[in-house]
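Residue numbers (the numbering used here), protein chains in the order written: chain V, 169 to 427; chain S, 72 to 358.
Next up, the structure:
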């Protein structure tokens, strides 16, 4: 039996009169590969934002490992081991690829500013470790030759990869990917599905992804949660979801009764 | 005082001031317009110390304490101003800090024991060109080391993208406040050096105009660049003086020419002289 990693219980997120997420309960276990799908505006990204602390849920609780994280600020949640990527890539655009990765390490840096000012042994060792780990990660994503490029100069697909690498640099236990395949062509999407599987197997972490590309979702997800208008309408294996009547209704609409 | 020595002194003081503002505006991306206020607080606080203290200390030690007093007083005010205003973003923060700078000036203007509108006189001459330039070099060194540390990277990440920085584990408030306090403190250091080389302080030395001039210097050099800060501060300090030497005609219009040069420069190179780049010597240790 795998350990329970993230427990979302009865989470509701309201913006004024709009209920973006309504009483959603989701459990995510160690090394799960889970997809969250749903039509546009279903509240998927809002759910990610409540998990990572950008929003505080109106009601309900988010529990990660043994911590009650619903009121935690985002930087603390990252520290505990949840990393994410964004739908509209958010890299540090004017920094180099390597510096983007270095920043990913920042929760685990053990030296203080005073060490850096006097270039102590501790600083040098720690920076060397950060450099080596960063280069190793870049190598896994085939970005090591571009480590000195500015992040904004990378092509779109590589920016996506860099964002994932940066998230992994914080050594998370849970990785949230917000529409990783958006704007990718079929061959890039294929590569992406291999990368996601590789991340899960190599780093032994749980991965949750929001995705609209059904081929990708059906191929890699072990479990799927379906959101519609903020409600969780179905969950199960890809097979079950494909034949679920409510899911088909949410995507295609209900049949009109003939008069 | 010798004219050229005076210009050399000014360059040193402006380099220190620009480093402070560059930390707030250039690295952290928080738009502050109250830098002259911190400068003034550092200047007056350190002058109050040297004028009113009754210890029999050697002048070198006195100056060192004056610098520390300048740093701490400006940093404490930076903390008090920073905590409420750093929740604001962009233009709103600029307006709030602008207001702060004016408040400082008006309070000094109405404080009788530091001379009020008559100015503060009788400040001992305990600083000199060596103090100014050694401090400028130390501050530059501090900025170089800061930039290559994790703290510096976190601060720059905030400038690049606040939400991404936050989700990557950067404590936004802590690092914003850090850069604001240290930036203010560095302005305070410049203030204490200024007070003890000029020997006379007047509230009009610390008007809003000076905040803008310091801002222009770092934008001219390139926001977020140490090299740019030094070059910008040096060039824009000597430019209006340099124009005096081209005959009476030019000297008359020197401020107009100065402004024109700025306009043309900004049209041709909006990212500043160096952008965010650095010269090799300031890069050492960044790798």
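Backbone N, C-alpha and C fix where the C-beta goes; we use that ideal spot for every residue, glycine too.
#### Entry: Chain-ordered neighbours of residue 267/V on chain S, where CB pairs are closer than 7 Å
Chain S residues near residue 267/V: 224.
### Query
Are there 16 or more other CB atoms within 10 angstroms of the CB of residue 328/V, so buried, or fewer, so exposed?
Label assigned to residue 328/V: buried.
### Message
Strictly by DSSP, which residues pair up with residue 272/S?
### Response
Bridge partners of residue 272/S: 191/S.
#### Entry: Nearest-angstrom Cα separation, counted from residue 291/V out to residue 358/S
For residue 358/S, the predicted model reports a pLDDT of 43, less than 50, meaning its position is unreliable; a value from the coordinates is still stated below. Using only the alpha carbons, I get a separation of about 13 Å.
### Task
Assess, as a yes-or-no matter, whether the segment 169 to 187 of chain S is touched by the segment 273 to 281 of chain S under the definition of 3 or more beta carbon pairs within less than 8 Å.
Touching, yes, given that three or more Cβ pairs across the two stretches are closer than 8 Å.
### Task
Specify the secondary structure class of residue 183/V as computed by DSSP and reduced to three states.
In this structure, DSSP gives residue 183/V an extended state, which the three-state scheme calls strand.
### Query
How about residue 343/V and residue 299/V: do their beta carbons lie closer than 9 Å?
Residue 299/V sits away from residue 343/V, with the two beta carbons spaced by 9 Å or more.
### Task
Would you tell me roughly how many angstroms separate the C-alpha atoms of residue 85/S and residue 197/S, rounded to the nearest one?
Going by the C-alpha atoms only, they are around 19 Å apart.
### Residues, ordered as in the chain, of the segment 226 to 240 of chain S that lie near chain V by beta-carbon distance below 8 Å
Of all residues in the segment 226 to 240 of chain S, the ones placed with a Cβ closer than 8 Å to any Cβ belonging to chain V are 227, 228, 231, 232, 234, 235, 236, 237, 238, 239 and 240, in chain order.
### Query
Is residue 291/V near the ligand MN, judged by its Cβ being under 8 Å from some heavy atom?
Among the components of this structure there are no ligands whatsoever, and the ligand MN is therefore not found.
### Query
By DSSP, does residue 206/V sit in helix, in strand, or in coil?
Coil.
### Query
Does residue 302/V have its Cβ less than 9 Å from a Cβ in chain S?
Taking Cβ atoms only, chain S never reaches closer than 9 Å to residue 302/V, which makes this a no.
### Query
Taking DSSP as the reference, what is the three-state secondary structure of residue 412/V?
Residue 412/V: coil per DSSP, three-state reduction.
### Reference residue 250/V, options 349/V, 278/V, 179/V and 338/V, closest by Cα
Taking each of 349/V, 278/V, 179/V and 338/V in turn and checking the Cα distance to residue 250/V, the smallest one comes out for 338/V.
### Message
Rounding to the nearest angstrom, what Cα-Cα distance links residue 171/V and residue 197/V in this structure?
### Response
For residue 171/V and residue 197/V, the distance between alpha carbons rounds to 6 Å.
### Task
Classify residue 393/V as buried or exposed, calling it buried when 16 or more other Cβ atoms lie within 10 Å of its own Cβ.
Per the 10 Å Cβ criterion, buried.
### Query
Roughly how many angstroms lie between the CA atoms of residue 163/S and residue 90/S, to the nearest whole one?
Per the coordinates, the alpha-carbon of residue 163/S lies some 23 Å from the alpha-carbon of residue 90/S.
### Query
Checking contacts by CB at 9 Å: is residue 356/S closer than that to chain V?
Its pLDDT being 49, under 50, residue 356/S is placed unreliably in this model, and the coordinates cannot settle the point.
### Inter-residue CB distance, residue 325/V and residue 356/V (contact presumed, cutoff 8 Å)
Right, the Cβ-Cβ distance comes to about 5 Å (below 8 Å), so this counts as a contact.
### Message
For residue 251/V, would you say it is in contact with chain S, using Cβ-to-Cβ distances shorter than 9 Å as the test?
### Response
So, interface residue.
### Message
Would residue 189/S pass as an interface residue toward chain B - the criterion being a Cβ-Cβ separation below 9 Å?
### Response
Protein chains V and S are contained in the structure displayed, whereas chain B is not.
#### Entry: Near-chain S residues of the segment 272 to 294 of chain V (beta-carbon distance less than 9 Å), N- to C-terminal order
Taking 9 Å as the Cβ-Cβ cut-off against chain S, the residues of the segment 272 to 294 of chain V that qualify are 272, 273, 274, 275, 276, 277, 279, 280, 281, 283, 284, 285, 286, 287, 291 and 294.
#### Entry: For residue 358/S, the three-state DSSP class (helix, strand or coil)
With a pLDDT of 43 at residue 358/S, under the threshold of 50, the modelled position of that residue is not reliable, and the figure given next carries that caveat. Note: residue 358/S maps to coil in three-state DSSP.
### Message
Please identify the residue among 216/S, 170/S, 192/S and 87/S whose C-alpha is closest to the C-alpha of residue 303/S.
### Response
Nearest to residue 303/S by C-alpha distance, out of 216/S, 170/S, 192/S and 87/S, is 87/S.
### Message
Going by DSSP, what residue range makes up the alpha helix (DSSP H) through residue 172/S?
### Response
161 to 180 is the extent of the alpha helix (DSSP H) around residue 172/S.
### Message
Please confirm whether residue 404/V has its beta-carbon closer than 9 Å to some beta-carbon of chain S.
### Response
For residue 404/V, no Cβ of chain S is located within less than 9 Å of the residue's own Cβ.
### Interface flag, residue 246/V vs chain S, CB-CB below 9 Å
At a cut-off of 9 Å between beta-carbon atoms, residue 246/V makes contact with chain S.
### Task
With DSSP collapsed to three states, give me the class of residue 229/V.
Residue 229/V falls in the strand class under three-state DSSP.
### Message
Using a Cβ-Cβ cutoff of less than 6 Å, which residues in the same chain neighbour residue 241/S once the five nearest sequence positions on both sides are dropped?
### Response
The residues are 225 and 228.
### Task
Mind reading off the beta-carbon distance from residue 218/S to residue 297/S? Whole number of angstroms is fine, and I expect it under 8 Å.
With a Cβ gap of about 7 Å, residue 218/S and residue 297/S count as contacting.
### Message
Along the chain, where does the beta strand (DSSP E) containing residue 167/V start, and where does it finish?
### Response
Chain V is shown from 169 up to 427; residue 167/V falls before or after that span and cannot be answered.
### Query
Where does residue 253/V fall in DSSP's three states?
Note: residue 253/V maps to coil in three-state DSSP.
### Query
Is it true that the segment 339 to 347 of chain S meets the segment 302 to 316 of chain S, where meeting means three or more beta-carbon pairs spaced less than 8 Å apart?
A contact exists between the segment 339 to 347 of chain S and the segment 302 to 316 of chain S.
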